[in-house]
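Inspection log for the structure reproduced underneath, given as structure tokens.
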Amino acid sequence: MKFTTLIISLLLLCTPAHAALNKWVDEKGAVHYSDTVPPDVNKANVVHSMTGKGQLEAPVSSSPKTVAEREVELKKSRKEKEDSAAKKEQEDKRTAERAHNCLVAQQNLRGLEEGGRVVTYDAKGERTFLDDATREQRISEARSAASSMCD
1 MKFTTLIISL
11 LLLCTPAHAA
21 LNKWVDEKGA
31 VHYSDTVPPD
41 VNKANVVHSM
51 TGKGQLEAPV
61 SSSPKTVAER
71 EVELKKSRKE
81 KEDSAAKKEQ
91 EDKRTAERAH
101 NCLVAQQNLR
111 GLEEGGRVVT
121 YDAKGERTFL
131 DDATREQRIS
141 EARSAASSMC
151 D
């Protein structure tokens, strides 16, 4: 009996927590908070705040997707992932090849600039040495190749 009385009294004490909260300003400019607004207060200055209300639920989609629609979406997402992976792999290969070509061009330029005699082989397979004018021409070609490869 005592337990039932306790539960009922606690439930009655909780009901004011669900009341509306009103904020209103009187003639003197003082702000008041109460559950009821006096009748002589201008209704334009009253701000109503509802307490005890839960958050709104997200709207449920009108029709769930069928298995076939989900399968199509899954295949589409897999295809996009595969395409992006292939594109990234191709781009990585291109970057690595470009870095290798840059290194080779720099080594060729360094070999021409360090001095010494440069040997080439003609169409018959015989060795010929480059003269200074041809060597300078090859150095300028190697510089332009290195600058274009290493950008």
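Just so you know, my numbering puts 36 at position 36 of the sequence shown, and the rest follows in order with no gaps.
Note that the Cβ used here is the ideal one computed from N, Cα and C, for glycine as well.
- Between R143 and V118, the C-beta spacing is not below 8 Å.
- With a threshold of 16 other beta carbon atoms within 10 Å, A146 meets it and is buried.
- Under the DSSP assignment, T128 falls in the beta strand (DSSP E) whose first and last residues are R127 to F129.
- For T128, same chain residues with a beta-carbon under 6 Å away, outside a window of 5 residues either side, are T120 and D122 in chain order.
- Exclusion of the five residues before and after L11 leaves no residue of its chain whose Cβ lies closer than 6 Å to its Cβ.
- Rounded to whole angstroms, A96 and E113 show a C-alpha spacing of 26 Å.
- The beta-carbon separation of A105 and M149, rounded to 5 Å, stays under the 8 Å limit for a contact.
- Going by DSSP, S34 is part of the beta strand (DSSP E) stretching over V31 to S34.
- Unbroken beta strand (DSSP E) runs of no fewer than 3 residues, entirely contained in the region 79–147, are found at 119–121 and 127–129, following chain order.
- In this structure, DSSP gives K28 a state outside helix and strand, which the three-state scheme calls coil.
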